[in-house]
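Going down the list, the sequences are from chains A and B.
Residues in the first sequence are numbered consecutively from 690, following our numbering.
Residues in the second sequence are numbered consecutively from 5, following our numbering.
See structure below.
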Amino acid sequence: MENAGSPSPILTARDAGLVGCTQCGKVHLPGVVECTRCGAALHRRAISDLQKVWAWLIAGLVVYIPANLYPMLSTASLGHTTENTILGGVIELMNHGSYGVAVIVFVASIVIPVAKFIAIGFLALTVTRRVKMSAHRRHILFEVVEFIGRWSMIDVFVVAILSSLVRLDFAATITPGIAAVSFALSVAFTMIAALSFDERLIWDASENEPRD
Amino acid sequence: MSQETENTPPNGPSDMVISPPKRSFWRNLSYVWLVPFAALVVTLFIAWQSWAERGQRIEILFENAAGITADETTLRYRDVEIGIVEDVTFAPDLASVVVGARIDRTVAASLPEDARFWIVQPEVSASGITGLSTVLSGAYIQAAFDPAPEAKATRFTGLEETPLILPGMRGTKVTLRTESGTQLIPGAPIFHQGIEVGKIETPRLMDGGEGVIVDAFINAPYDLRLTNATRFWQVSGFSVNIGPSGLNLSVGSIASLLRGGIAFDTVVSGSEPVRTGQIFDLYDDEDSARASVFREDIENPVDLTVEFDESVSGLTAGSSVVYKGVKIGTVSFLGAFIEERNDTQEVVLRSVISIDPQRLGLKADAPAAEVIAFFSNAVKNGLRARLATQSIFSRSLVVELVELPDAAPDTLGIFAETAPLLPSVASDLPDVGATAEGLLQRVNDLPVEELLDQTIATLAAVESLAGDENLRAAPDAFVALLDDARGLIGSPETQALPAELNTAVSELRAVAEQLRQADAVNRLVAALDAAEEAATSVTDVAANIDTATEALPALIEDLQALTQKANALEVEQFLAAASAFLEGADRLIDTPDMRALPASLTGALDEAREALAELREGGLIENTNATLASAREAASAVEDATANLPELSRRIEALVAEAERTLSEYGAQSSFNRETISSLREVRAAAEALSKLARAIERNPNSLLFGR
Numbered sequence: 690m691e692n693a694g695s696p697s698p699i700l701t702a703r704d705a706g707l708v709g710c711t712q713c714g715k716v717h718l719p720g721v722v723e724c725t726r727c728g729a730a731l732h733r734r735a736i737s738d739l740q741k742v743w744a745w746l747i748a749g750l751v752v753y754i755p756a757n758l759y760p761m762l763s764t765a766s767l768g769h770t771t772e773n774t775i776l777g778g779v780i781e782l783m784n785h786g787s788y789g790v791a792v793i794v795f796v797a798s799i800v801i802p803v804a805k806f807i808a809i810g811f812l813a814l815t816v817t818r819r820v821k822m823s824a825h826r827r828h829i830l831f832e833v834v835e836f837i838g839r840w841s842m843i844d845v846f847v848v849a850i851l852s853s854l855v856r857l858d859f860a861a862t863i864t865p866g867i868a869a870v871s872f873a874l875s876v877a878f879t880m881i882a883a884l885s886f887d888e889r890l891i892w893d894a895s896e897n898e899p900r901d
Numbered sequence: 005m006s007q008e009t010e011n012t013p014p015n016g017p018s019d020m021v022i023s024p025p026k027r028s029f030w031r032n033l034s035y036v037w038l039v040p041f042a043a044l045v046v047t048l049f050i051a052w053q054s055w056a057e058r059g060q061r062i063e064i065l066f067e068n069a070a071g072i073t074a075d076e077t078t079l080r081y082r083d084v085e086i087g088i089v090e091d092v093t094f095a096p097d098l099a100s101v102v103v104g105a106r107i108d109r110t111v112a113a114s115l116p117e118d119a120r121f122w123i124v125q126p127e128v129s130a131s132g133i134t135g136l137s138t139v140l141s142g143a144y145i146q147a148a149f150d151p152a153p154e155a156k157a158t159r160f161t162g163l164e165e166t167p168l169i170l171p172g173m174r175g176t177k178v179t180l181r182t183e184s185g186t187q188l189i190p191g192a193p194i195f196h197q198g199i200e201v202g203k204i205e206t207p208r209l210m211d212g213g214e215g216v217i218v219d220a221f222i223n224a225p226y227d228l229r230l231t232n233a234t235r236f237w238q239v240s241g242f243s244v245n246i247g248p249s250g251l252n253l254s255v256g257s258i259a260s261l262l263r264g265g266i267a268f269d270t271v272v273s274g275s276e277p278v279r280t281g282q283i284f285d286l287y288d289d290e291d292s293a294r295a296s297v298f299r300e301d302i303e304n305p306v307d308l309t310v311e312f313d314e315s316v317s318g319l320t321a322g323s324s325v326v327y328k329g330v331k332i333g334t335v336s337f338l339g340a341f342i343e344e345r346n347d348t349q350e351v352v353l354r355s356v357i358s359i360d361p362q363r364l365g366l367k368a369d370a371p372a373a374e375v376i377a378f379f380s381n382a383v384k385n386g387l388r389a390r391l392a393t394q395s396i397f398s399r400s401l402v403v404e405l406v407e408l409p410d411a412a413p414d415t416l417g418i419f420a421e422t423a424p425l426l427p428s429v430a431s432d433l434p435d436v437g438a439t440a441e442g443l444l445q446r447v448n449d450l451p452v453e454e455l456l457d458q459t460i461a462t463l464a465a466v467e468s469l470a471g472d473e474n475l476r477a478a479p480d481a482f483v484a485l486l487d488d489a490r491g492l493i494g495s496p497e498t499q500a501l502p503a504e505l506n507t508a509v510s511e512l513r514a515v516a517e518q519l520r521q522a523d524a525v526n527r528l529v530a531a532l533d534a535a536e537e538a539a540t541s542v543t544d545v546a547a548n549i550d551t552a553t554e555a556l557p558a559l560i561e562d563l564q565a566l567t568q569k570a571n572a573l574e575v576e577q578f579l580a581a582a583s584a585f586l587e588g589a590d591r592l593i594d595t596p597d598m599r600a601l602p603a604s605l606t607g608a609l610d611e612a613r614e615a616l617a618e619l620r621e622g623g624l625i626e627n628t629n630a631t632l633a634s635a636r637e638a639a640s641a642v643e644d645a646t647a648n649l650p651e652l653s654r655r656i657e658a659l660v661a662e663a664e665r666t667l668s669e670y671g672a673q674s675s676f677n678r679e680t681i682s683s684l685r686e687v688r689a690a691a692e693a694l695s696k697l698a699r700a701i702e703r704n705p706n707s708l709l710f711g712r
C-alpha cells in the first residue's frame, strides 16, 4: 500500500508466480495448501469464485422478497392481533410520532440491505468490467460492506428478543412472522456473498489500467 | 497454475501461465448455486401456501355492521374460527352492508344456502349476559348451518339478532297462540316439570291482529312428551293463590322470575304425537290449562240457555255448572241481548251452559232430546238455575242447579233458534258489604270513650287512696294487732285450749244428726242442678253470637254503672273505719281482762273436767256405753251423708267447667273474663277440697269424732 502512489508498477505475488495468504499476507510457492505462518487455507483467485458471490447474492435477494411482503411481527394484544411488515411497521412508527426509531428501522432494514445488494453486485460486476471508480475506492467500499453487514441483523435480534420476552398470554404476545426468518436468511446470505468475494480480484482487474 | 511455475527462478519473472481451454458453462457451474435455487423454491412454496390458505370469499348482507372491522373481525362456526372479514362495503343501493369474508375452503365447500350468520356482541338481558368474551376481542360473526356437501353458496343474508333455534338443533318446533304477549320475552325458557327443555322465539302478531303467536322450540328428547293433549301455560315465576284450601304461594327459579316462562304438561295420556308446527293455545295459568283438558273433553255436549236478572260479575265462559256440588258442565257463552218484552226493550243477560250428559249419569252418546227431556222433567219438579259463589274467598261465580220444590211453577222453554231456556231464580248471595258495615257500626257505637274516662277516674281515685295517710297507717296497726295475737296464742293457756276442745267434738254428733235429718246434701244437689241448668242456658245464649253481640252494650252499661258505683264508694271512710276498728281491736287485746281470758277458760275447762271426773266416779259406765253407741250411729249417719259428697263435688266441677267454657267463648282477653275464671278456679279448688274432705271422712269416719 505504501507504494500505491509510486509511478512504477509493482510486482505482485501473482505476477511473481507465488500465492499470497489472504489472512496474513505471507507469500508461498505454488503447491503449498496451508499458510506456513497462520495456517489459513491458500487458494488461487479464480473467476469461478465470483459464481459463489452471485449465487449467495441472488439467494439473499430471493429471500428478501418474502421478508418484505410477509409480516415481521404479529402482535396479539387483548384479543386484537396486528401483523406488521417491515415497511408497515416503519409507517406505523411514523404515525405514532417515533420518527427516530422509524429512521433507525428504515435504515437498518431497508437502506442497508438494499445498499449491500447494490454494492456487492457492483463490486462483482466491476471485476470483469471497467468502471470509473478506482480500485482503491472499490476496496474501501468492500470493507464498508463487510463491516456493516453484521449490523443488519439488528432487526432480527429485536424480533427474537421481543418474541421471547413478550409472552403475556392474553395481555400481549409477540410472535415472529415468516419475514423474520426470511430477513435473517437474507442478511446471512449477503454476508456470505460478501465473504465469498475475493477482494484481490479488484486489484487484478485494475492492474492493467492506468491509475488515477 | 502451480505445476507450470514449479521451476521458476527466485529472481526472474515467472513464465506466463497458459490456461487450459475453458470448460463448458455447466461444468464450470458451482454447487453453491443450489442455495439461491433452494431459497427460490422455499419462497415460492410459501407464496403458494399463503394463497391456498386465503380461503373462499363469501359475502354476507347485514342491515348494519355494528362492530365489524375489516381484517379483524373473525367468522366462527361452533366457536372455531373459520375465516376473517376482508372488507365491509355498501350494497349498490346503500340499503345494506356487504361484508366480504374469506373462510376456510373445507368449510366453504359444504356451506348451504340457508346458512345463518349473525353478529355476536356482548348483550345483557334478563336471561343473562352473553357474548362477554367479545368485550375485549371485539364482535365476531357466528355461523350456523347444517353442512351439506357440494353446496357452495357464497352469498348470504345475515340475521339481525341471535337466533334461538339454530339449524342442526334437534327437537320440535310448535306454535303457541295467546291473546296477549305481555309476559312473553324472547328467549324465555320452556319448562316441563321444572326442567328447562326449550325456548320461545320472538312473539309476533297474528295476521288478523286478533292475538299473538310465538314459536316454541322443545329440545329433543323432551319433545317426545308433546302430544295432542299437551297444554302450555305461562309461569310468571311466582304465584299467589287464595282459595278454600288457604293461601298458596309458589315461587319458581330466579330465572323464571326475571324472564317469565312457559310450562307444559301432558295431562291425558294416549294421544297422538305432534308434528312440527302444530298450534297450541297458551293458557294464563296451570289451573286453567289443566281445566281446559276436561272442558274440551265433553263429548256430545247439550246446550241450555239461562237468563239472569242480577249481576253476573264473576261469571265467565268456562265457569263451572254445578249440580249438588258436582260439576256437570261449563258456561260456554255469556252475553247481553236486547229483547222486546211488553213493548219495551230490555237487556237480558244470557249465558249458554254446556251440560255433559255423562256426568248426569246418561250415556255419552245419549241423544240431546233425552237430556232435554230429563231437564224438562226436572224443571217441573222445581229444578232452577241460580248463581252461587265458588268459595267464600273468591268472587268468581258458578251456575248452580238447585231443586226448589216450592219455586213458582215453570217449564223448560224451548226456543226456536237457541238452546232450551232453563228458568233461573235469584241467588242468595250474601250481601257481605252490608253485614260488614253493620258490624262496624256496632263497634262504632260502643261507648269506648266513656269507659276509658271512667277507668281513668277510677285509677285516679285508687291513686289518691293509696296516697292516704290512714291507709299507710293501717299496716302498722295490723302488725301490732298480729303481735298481740301472737302473744295471745303463745300463752300456755291458749296452747292448752285444743286439748280441751276435743271434748267439744262430741257436740258434733248432734250437728251431724241434724244434718242428716234436714237432708241438706240433697238440697245442695238440687241447688247445683238448678245452677247447672242455668249454666246450660247461658251456654245456649253464648252460642248465639249475634245475640251476645247485641247484649254487649247492655253489659258494658252494667259495667259502667258498676264502675260508677265503685267510684262512688267512700273508700276513705271505710279505711278510716277499718283503721279505727283495728285500733279498737288492738285496745281490746291490750286489756287485762282479755289477757286473763285464757286463764279463766282453763279454769272453766278444769271445772268441766272435774265434773266429768265426778260423773265417772259416779260409776255411770252404762251411760258412757250408750253414748258410744249413739256416737257410732252418728258416724254411720255422717258416712251416709258423705257418700253423696263425691257426687256433689263432681257436679260442682262440671258446673265450673261449663261456666268456664261459656266464659271462654266471650273471649279470653277481657278482664271480666279473667276475674270470673279465677273465681271459678277458686270454686273448683273449694270443690276439690270438699272432695278431699269427703274422701278423708270416708277413709276414717272416726276422725270426725275424735279429731285427727
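Where a beta carbon is used, it is the ideal one built from N, C-alpha and C, also for glycine.
Contacts that LEU33(B) makes with chain A (C-beta to C-beta distance below 8 Å): The residue given as residue 33(B) occupies position 29 in the second sequence. Within 8 Å Cβ-Cβ: GLN740.
Contact between the segment 64 to 75 of chain B and the segment 112 to 127 of chain B: three or more CB pairs below 8 Å? yes
Go through its chain and collect everything with a Cβ distance to PRO755(A)'s Cβ below 7 Å, but skip five positions before and after it. Residue numbering aside, residue 755(A) sits at position 66 when the first sequence is read from its first letter. Once the five neighbours on either side are set aside, the close Cβ partners of PRO755(A) are ILE867, ALA868 and SER871.
Using the Cα positions of ARG159(B) and LEU115(B), report the straight-line distance between them to the nearest angstrom. Indexing the second sequence from 1 puts residue 159(B) at position 155. Indexing the second sequence from 1 puts residue 115(B) at position 111. Taking the straight line joining both Cα atoms gives about 10 Å.
THR182(B) beta carbon less than 8 Å from that of GLY215(B): If you number the second sequence from 1, residue 215(B) lands on position 211. If you number the second sequence from 1, residue 182(B) lands on position 178. Yes, the Cβ-Cβ distance between GLY215(B) and THR182(B) is below 8 Å.
Return no unless some Cβ of chain B is closer than 8 Å to the Cβ of ILE780(A). Along the first sequence, one-based indexing puts residue 780(A) at 91. Answer no: the Cβ-Cβ gap between ILE780(A) and chain B never drops below 8 Å.
Just confirm the distance between the C-beta atoms of SER355(B) and LEU319(B), as a whole number of angstroms; I'd bet it's less than 8 Å. For the purposes of this step, residue 355(B) is taken as the residue at position 351 of the second sequence. For the purposes of this step, residue 319(B) is taken as the residue at position 315 of the second sequence. Sure, about 7 Å apart at Cβ, within 8 Å.
Leaving out the 5 sequence neighbours to the left and right, which residues in its chain are closer than 6 Å to THR206(B) when beta-carbon positions are compared? Translated into positions along the second sequence, residue 206(B) becomes position 202. For THR206(B), where only same-chain residues beyond five positions count, the Cβ hits under 6 Å are PRO190.
Leaving aside the five residues before and after ALA791(A) along the sequence, list all residues of the same chain whose C-beta is less than 6 Å from its C-beta, in chain order. Within the first sequence, numbered from 1, the residue matching residue 791(A) stands at position 102. Excluding sequence neighbours, ALA791(A) sits near VAL779, LEU782 and MET783.
For the alpha helix (DSSP H) that contains ASP844(A), what are its first and last residues? One-based indexing of the first sequence puts residue 844(A) at position 155. Residues 843 to 854.
Can you name the residues that DSSP bridges to LEU425(B)? The sequence position of residue 425(B) within the second sequence is 421, counting from 1. DSSP output for LEU425(B) lists THR309(B) and GLY417(B) as bridge partner(s).
Excluding the 5 residues preceding and the 5 following LYS367(B) in the sequence, name in chain order all residues of the same chain whose CB lies nearer than 8 Å to its CB. The residue given as residue 367(B) occupies position 363 in the second sequence. So the list reads PRO361, once near-sequence residues are dropped.
Runs of 4 residues minimum, wholly inside the segment 741 to 802 of chain A: which ones carry the alpha helix (DSSP H) assignment? 775 to 784 and 788 to 795
Would you verify that the beta carbon of THR77(B) is, or is not, closer than 8 Å to some beta carbon of chain A? By one-based count along the second sequence, residue 77(B) stands at place 73. THR77(B) does not count as touching chain A.
Helix, strand or coil for LYS328(B)? Go by DSSP, reduced to three states. Here the question's residue 328(B) lines up with position 324 in the second sequence. Three-state result, LYS328(B): coil.
Take VAL325(B) as the anchor and find which of GLY104(B), ARG363(B) and GLU374(B) has the nearest alpha-carbon. Translated into the one-based positions of the second sequence, residue 325(B) becomes position 321. With distances taken between Cα atoms, VAL325(B) lies closest to ARG363(B).
Along chain B, which residues have their Cβ under 9 Å away from the Cβ of TRP892(A)? For this step, residue 892(A) is matched to residue 203 along the first sequence. Going along chain B, no residue has its Cβ under 9 Å from TRP892(A), so there is no contact; the nearest lies around 17 Å.
Taking the Cβ atom as the reference point for each residue, do ILE217(B) and ILE204(B) lie within a distance shorter than 8 Å? Here residue 217(B) corresponds to residue number 213 of the second sequence, with the count starting at 1. Here residue 204(B) corresponds to residue number 200 of the second sequence, with the count starting at 1. Cβ distance not < 8 Å, so ILE217(B) and ILE204(B) don't count as in contact.
Note down, in chain order, each residue of its chain lying with its Cβ closer than 6 Å to the Cβ of PHE149(B), except the 5 sequence neighbours on either side. Against the second sequence, residue 149(B) aligns to sequence position 145. Excluding residues within five positions, the ones whose Cβ falls inside 6 Å are PRO116, ALA119 and PRO171.
Contact list for HIS769(A) against chain B, beta-carbon separation under 8 Å: Walking along the first sequence from the start, residue 769(A) turns up at place 80. Per Cβ cutoff of 8 Å: GLU76, SER141 and GLY142.
Tell me the DSSP bridge mates of ARG654(B)? As a first step, residue 654(B) must be located in the second sequence, where it is residue number 650. For ARG654(B), which the question treats as bridged, DSSP gives no partner whatsoever.
Count the other CB atoms, across all protein chains shown, that sit within 10 Å of the CB of ARG620(B); report buried if there are 16 or more and exposed otherwise. Translated into positions along the second sequence, residue 620(B) becomes position 616. Because ARG620(B) sits at a pLDDT of 49, beneath the cut-off of 50, its placement in the model cannot be relied upon, and the following sentence gives the value as read from the coordinates. Per the 10 Å Cβ criterion, exposed.
ILE107(B) beta carbon less than 8 Å from that of LEU79(B): By one-based count along the second sequence, residue 79(B) stands at place 75. By one-based count along the second sequence, residue 107(B) stands at place 103. A contact, by the Cβ cut-off of 8 Å.
Does DSSP put LEU209(B) in a helix, in a strand, or in coil? In the second sequence, the residue the question calls residue 209(B) occupies position 205. Here LEU209(B) sits in strand by DSSP.
Please list the terminal residues of the continuous alpha helix (DSSP H) segment that includes PHE379(B). The count along the second sequence starts at 1 and reaches residue 379(B) at position 375. Note, PHE379(B): alpha helix (DSSP H), 372 to 384.
Classify GLY339(B) as buried or exposed, calling it buried when 16 or more other Cβ atoms lie within 10 Å of its own Cβ. As a working note, residue 339(B) is residue 335 in the second sequence. Label assigned to GLY339(B): exposed.
Is the beta carbon of THR662(A) less than 8 Å from the beta carbon of HIS717(A)? Because chain A is modelled from 690 through 901, residue 662(A) falls outside the range shown and cannot be assessed.
Whole angstroms is fine: what's the gap from ALA99(B)'s alpha carbon to GLY87(B)'s? In the second sequence, residue 99(B) corresponds to position 95, counting from 1. In the second sequence, residue 87(B) corresponds to position 83, counting from 1. The straight-line gap from Cα to Cα measures roughly 25 Å.
Can you give the beta carbon distance from VAL239(B) to SER323(B), rounded, assuming they're within the 8 Å contact cut? Here the question's residue 239(B) lines up with position 235 in the second sequence. Here the question's residue 323(B) lines up with position 319 in the second sequence. Actually they do not touch by this definition, with Cβ atoms about 24 Å apart.
According to DSSP, which residues form a beta bridge with PHE221(B)? Position 217 of the second sequence holds residue 221(B). According to DSSP, PHE221(B) bridges with LYS177(B) and LYS203(B).
Which residues in chain B sit within 7 Å of VAL751(A), going by Cβ to Cβ distance? Here residue 751(A) corresponds to residue number 62 of the first sequence, with the count starting at 1. Ordered by position in chain B, the residues that pass the 7 Å Cβ test against VAL751(A) are PRO40, ALA43, LEU44 and THR47.
Pull out every residue of the segment 808 to 835 of chain A whose Cβ sits closer than 7 Å to any Cβ of chain B, in chain order. none
How many whole angstroms separate the CB atoms of LEU101(B) and PHE94(B), which I take to be in contact at a CB cut-off of 8 Å? For the purposes of this step, residue 101(B) is taken as residue 97 along the second sequence, with counting starting at 1. For the purposes of this step, residue 94(B) is taken as residue 90 along the second sequence, with counting starting at 1. The question names Leu, but residue 101(B) in the sequence shown is Val. Between PHE94(B) and VAL101(B) the Cβ distance is about 6 Å, and since that is below 8 Å, they are a contact.
Alpha carbon to alpha carbon, how far is TYR759(A) from THR774(A)? For the purposes of this step, residue 759(A) is identified with residue 70 of the first sequence, where counting begins at 1. For the purposes of this step, residue 774(A) is identified with residue 85 of the first sequence, where counting begins at 1. Between TYR759(A) and THR774(A), the C-alpha separation is close to 6 Å.
Compare the C-beta of TRP122(B) against all C-beta atoms of chain A and say whether one is closer than 8 Å. Along the second sequence, one-based indexing puts residue 122(B) at 118. So no, TRP122(B) is outside the interface.
Suppose you measure from the CA of ASN223(B) to the CA of ASP285(B); what does that come to, to the nearest Å? One-based indexing of the second sequence puts residue 223(B) at position 219. One-based indexing of the second sequence puts residue 285(B) at position 281. Rounded to the nearest angstrom, the two C-alpha atoms are 19 Å apart.
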